[in-house]
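In the numbering used here, the protein residues as written are -11 to 334.
Here is the structure:
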């Protein structure tokens, strides 16, 4: 039997990414009927992904793709390779594009090879570029683009009260302007040497990512050939993953590796869509959103786990701010005529 479609997962070696791959491998219909393309920074050192794939069913077709999401050139190369394979029939059309990869700094700040603040590039810009480039290879009838979001994007979400990052009067908004976010000129360690500086930039990058979802869904809905593609924003909750590996010993090791794994295994059974969740639970939510629930077309489907009660930041509905972020992203990623099949991309 030929493959029904391709499933692309970015950040496939991370805590959530590898759990998504494991869920796919553990679901007979998906493992046997879909081709997996698993994107990682470096396949040779992708220990979690490689461990999962070592137990893959014999009939699961898959390949691992090296792509540095901090490099626009790397993203373009990976997308070109995938598009070429789809065009030649070597890969089936993309049924699910799961934009899972994430980046978070804490007390420090990092810039990408392209000169952008790393959280902003990985969490927003790379997803903009990858989505636009790969639209030509999407399943135009059943394709779904799922972006892993975060409650951190909404400064008014009470779940952010666990940190003091959003209580500092110097930072009344997560949207000081797209240029300041892109260039890392806002919430810098020199202004705030605590881990809060990085958390704010992470939240702001996720805000740009959700604004991307809104803008992409709106433009896809008006496209004569792509309007059946669904765009989904999934908040996976707080999970014990490697996203905090750049934090200090207390957070990255004691909390994330010793305390949280035990607590989440208990709490997720009591309150499945609670504040903290296990990677396996959020992975199941991601796969469910792409393959089990009814297609949601015309606007973004915002999910908080399995719930549709996600509190979305008001900025995501601000068309002028969304346009600013979109247009800046196009210039930053050097999107030109012919790069995407989306009719209304400018």
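Even for Gly, the Cβ is constructed at its ideal location relative to N, Cα and C. These numbers come from a predicted model, not from an experiment.
Whether residue i touches residue j by CB criterion (8 Å)
i, j, result
"residue -4", "residue 85", "yes"
"residue 165", "residue 106", "no"
"residue 135", "residue 221", "yes"
"residue 283", "residue 7", "no"
"residue 120", "residue 323", "yes"
"residue 63", "residue 123", "no"
"residue 95", "residue 16", "no"
"residue 330", "residue 200", "no"
"residue 26", "residue 68", "no"
"residue 175", "residue 189", "yes"
"residue 127", "residue 60", "no"
"residue -8", "residue 80", "yes"
"residue 9", "residue 24", "yes"
"residue 184", "residue 138", "no"
"residue 311", "residue 303", "no"
"residue 253", "residue 266", "yes"
"residue 260", "residue 293", "yes"
"residue 216", "residue 129", "yes"
Assigned exposure category for residue i - 16 Cβ within 10 Å defines buried
i, result
"residue 263", "exposed"
"residue 339", "Lying before the first or after the last residue shown, residue 339 is absent from the chain, which here runs from -11 to 334."
"residue 224", "buried"
"residue 334", "exposed"
"residue 42", "exposed"
"residue 194", "buried"
"residue 133", "buried"
"residue 5", "buried"
"residue 336", "In the structure as shown, the chain begins at -11 and stops at 334. Residue 336 is therefore absent and cannot be evaluated."
"residue 148", "buried"
"residue 269", "buried"
"residue -6", "buried"
"residue 32", "exposed"
"residue 150", "exposed"
"residue 47", "exposed"
"residue 39", "exposed"
Spatial neighbours of residue i in its chain, beta-carbon cut-off 8 Å, leaving aside the 5 residues before and after
i, result
"residue 319", "none"
"residue 181", "95"
"residue 278", "-5, 83, 84, 86, 132, 134, 220"
"residue 234", "92, 93, 94, 96, 186, 240"
Own chain partners of residue i with C-beta closer than 7 Å, once the 5 adjacent residues on each side are dropped
i, result
"residue 286", "209"
"residue 170", "104, 105, 108, 316, 320"
"residue 251", "264"
"residue 116", "200, 317, 321"
Presumed contact (8 Å Cβ cut-off) between residue i and residue j, rounded CB distance
i, j, result
"residue 288", "residue 202", "6 Å"
"residue 197", "residue 163", "No, residue 197 and residue 163 are not in contact; Cβ-Cβ is about 13 Å, not under 8 Å."
"residue 20", "residue 82", "Actually they do not touch by this definition, with Cβ atoms about 18 Å apart."
"residue 290", "residue 275", "Wrong, their Cβ atoms sit about 17 Å apart, outside the cutoff."
"residue 92", "residue 226", "That belief does not hold up - the Cβ atoms of residue 92 and residue 226 are roughly 12 Å apart, past 8 Å."
"residue 28", "residue 54", "7 Å"
"residue 211", "residue 332", "7 Å"
"residue 97", "residue 14", "About 38 Å; that fails the 8 Å criterion."
Bridge partner(s) assigned by DSSP for residue i
i, result
"residue 84", "-5, 132"
"residue 223", "292"
"residue 51", "25"
"residue 335", "Because the chain is modelled from -11 through 334, residue 335 falls outside the range shown and cannot be assessed."
"residue 105", "99"
"residue 264", "226"
Beta-carbon contacts of residue i that lie in its chain and below 6 Å, excluding the five residues immediately before and after
i, result
"residue -11", "Caution applies to residue -11, whose pLDDT of 48 falls short of 50 and renders its modelled position unreliable; the model cannot decide the point."
"residue 100", "58, 106, 109"
"residue 143", "154, 162"
"residue 168", "174"
"residue 66", "53, 55"
"residue 34", "1, 28"
"residue 258", "none"
"residue 218", "132, 283, 284, 285"
"residue 44", "13"
"residue 77", "none"
"residue 255", "262, 264"
"residue 50", "24"
Near the ligand GDP: residue i beta-carbon under 7 Å from a heavy atom
i, result
"residue 192", "By its list of ligands, the structure shown contains no ligand whatsoever, and the ligand GDP lies outside what it can speak to."
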